[in-house]
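Remarks on the structure that follows.
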Amino acid sequence: EPLETEFGRKRKINQSTCNKDFSCIKGFCPSFVTVEGGQLKKGRVVSRHDVADAFPAVAEISPPELAAPYGILVNGIGGTGVITIGQIIAVAAHLEGRGVSVLDMSGLAQKGGPVMSHVRLAAQPGALHATRISTGAANLVIGCDLVVSASGEALSKMSQGRTRAAVNATTAPTADFVRNPNWQLPGSDLLHDVREACGADNVAFVPAAELATQLMGDSIAGNMFMLGYCWQKGWVPLARASIERAIELNGVQVEFNLGSFLWGRRAAVDLERVQRIAAPAEVIPIGRHFSRNLDEVIERRVAHLTAYQDAAYAARYKALVDRVRVAEQERAGSSALAETVARNYAKLMAYKDEYEVARLHADPAFLNSIRERFEGDYRLVFHLAPPLWAKQDPLTGEPQKMPYGPWMLAAMKLLAKFKGLRGGALDVFGYTGERRTERALIGEYEQTVESLLKDLGRDNHALALEIAALPEAIRGFGHIKAKSIDEARARRADLLARWPQAASPSARAA
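Here our numbering is used: the first residue of the sequence shown is 749, the next is one more, and so on.
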């Protein structure tokens, strides 16, 4: 999944929904670590009984009458319990002697794809004559995923004046992110589509998965959270006791699911209060705190480069950024270029080589993060492809990663102490083509920025920004990074070819 940080977009593995096929190990990341044995901690689970003062009691509501067949469309991502929600509703209806039918539509989406469960309820078993919810006939949509809720199939079941919808606003990435690292969820468009289909007054967007993770320690709780939210809103025509009994009869993580259901009810009563209770459960790493201004952007990168190499290296960075900042303010009255250079120059300077991989693993913060997330008897396995002795894939010719046991951590702590050799004559890793290219990129960027400053003005400011931001497109490691470097260099050549005209007096006059 994409993880936005102060230092750019990273990728993370969602431990709650990981299917354990370990295909991620095939990716060419130089610092991939697997945890063998032990188990994932569930975080600070806030029991449904722990907050009696904040929620003395959630008011009971009278479920709506089943005067006519009632259609509930439950949708979400396969493998997260969407179909289970439909089954819970069906069992609860059966316990009340209601008529009920369930049609699960998952296609090939056993895990990770769109899943829909058509649940139809009636006062009497003989009152139902179809299992599928027809066009515009859904009375309630329990949207466990925003993308699926805004799909054509789901929208076709909604209609204004009839359908109410509660949609999980915590977004999950689609398969497009695998192919496109710049993928962005069209969130505002999806929200608009659902509002248009149901009417703005009949839709509630709730950060269910986020709250469920904070409160229950697992995003899987989000679906049951949504059911509780809808019930408390008076949108589910079944008794609370029936739903809770159905959860008990299901026999899977009963206390966990009852707690999730209750937290959803509480959110329906006072969402802000639930968010305040949930907030302490999530500790945001320092890299996730975003800089508020240019001074903070520079300050954090100076500190990072000092830890990466030394104070002199960081001073080299700051000197160029300061020159850009002064020149831009004088000639363009802006600080956008300075911030772009501050972010991209630091990215090039802090390339992840062997010393940096070792330093990051030797940092106590790494082991602390493992201890915070895992428990039990576990061991760390490091998956590495050291350039000096990595085996070559016989088919692709690319380096193959090999597993190394916990002893590698001691070796990394030792290697990290030699970061001062980086780029010097004694840097044995620095003689590889990859490291020489990375060092060359730093010099090329410095020369490019200096050339931009000579003719910088208001008219060519936008082009300067585009040129300075090119390192953003450089991603990956090894052969993957080499390809993105070639593409970035080609793009730079095209943009620089336009620079003389954009910087000329005639271009400014035009």
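Ideal Cβ positions, reconstructed from N, Cα and C, are used throughout, including at glycine.
Boundaries (first-last residue) of the alpha helix (DSSP H) holding residue i
i, result
"residue 825", "First-last for residue 825: 818-825, but that is the beta strand (DSSP E), not the alpha helix (DSSP H)."
"residue 1186", "1181-1202"
"residue 1076", "1059-1079"
"residue 839", "830-843"
"residue 1210", "1209-1216"
Start-to-end residues for the beta strand (DSSP E) that takes in residue i
i, result
"residue 1052", "It is not in any beta strand (DSSP E) - residue 1052 instead sits in the alpha helix (DSSP H) that spans 1042-1056."
"residue 913", "912-916"
Nonlocal neighbours in the same chain, by C-beta distance under 7 Å from residue i, ignoring five residues either side
i, result
"residue 1194", "1068"
"residue 784", "1126, 1127, 1129"
"residue 1091", "1045"
"residue 1062", "1050, 1053, 1054"
"residue 1103", "1163, 1164, 1166, 1167, 1170"
"residue 838", "848, 850, 867"
"residue 1084", "1213"
Per DSSP, the bridge partner or partners of residue i
i, result
"residue 853", "864"
"residue 1003", "Per DSSP, none; premise fails for residue 1003."
"residue 947", "Answer by DSSP bridge pairing: none, since residue 947 is not bridged."
"residue 780", "1131"
"residue 847", "870"
"residue 788", "1122"
Other residues of its chain near residue i: CB distance less than 6 Å, five sequence neighbours each side excluded
i, result
"residue 1151", "1129, 1131"
"residue 1164", "1106, 1107, 1110"
"residue 1026", "959, 962, 963"
"residue 816", "none"
"residue 1200", "1212"
"residue 1259", "Residue 1259 lies beyond the range of the chain shown here (749 to 1258); nothing can be said about it."
"residue 947", "908"
"residue 883", "904"
"residue 972", "1005, 1008, 1009"
Pair within 8 Å by beta-carbon distance, residue i and residue j
i, j, result
"residue 1178", "residue 1171", "yes"
"residue 1008", "residue 960", "yes"
"residue 880", "residue 866", "yes"
"residue 1233", "residue 1185", "yes"
"residue 1119", "residue 788", "no"
"residue 1058", "residue 1153", "no"
"residue 836", "residue 994", "yes"
"residue 937", "residue 823", "no"
"residue 1094", "residue 990", "no"
"residue 1264", "residue 868", "Missing from the structure shown is residue 1264; the chain here goes from 749 to 1258 and no further."
"residue 1017", "residue 980", "yes"
"residue 1080", "residue 1246", "no"
"residue 870", "residue 939", "no"
"residue 1148", "residue 1138", "yes"
"residue 1337", "residue 886", "Since the first residue of the chain shown is 749 and the last is 1258, residue 1337 is not available in this structure."
"residue 952", "residue 844", "no"
"residue 1123", "residue 786", "yes"
8 Å Cβ shell around residue i - same chain, five flanking residues per side excluded
i, result
"residue 1188", "none"
"residue 1239", "1218, 1221"
"residue 891", "823, 824, 897, 902, 913, 914, 915, 916, 942, 974"
"residue 1146", "776, 1140, 1226, 1227"
Short CB-CB distance (under 8 Å) between residue i and chain C
i, result
"residue 1240", "In summary, chain C is missing from the structure at hand, where a single protein chain is found."
* To do: Could you pull out every unbroken beta strand (DSSP E) segment of at least 3 residues lying fully inside the stretch 1096-1163, listed in chain order?
  => 1122-1132, 1150-1152
* Please go through the stretch 952-1029 and give each complete alpha helix (DSSP H) segment of 4 or more residues, from N-terminal end onward. => 956-964, 970-980, 988-998, 1002-1017, 1019-1026
* Residue ranges of each alpha helix (DSSP H) within the stretch 879-903, 4 or longer -> 894-897, 900-903
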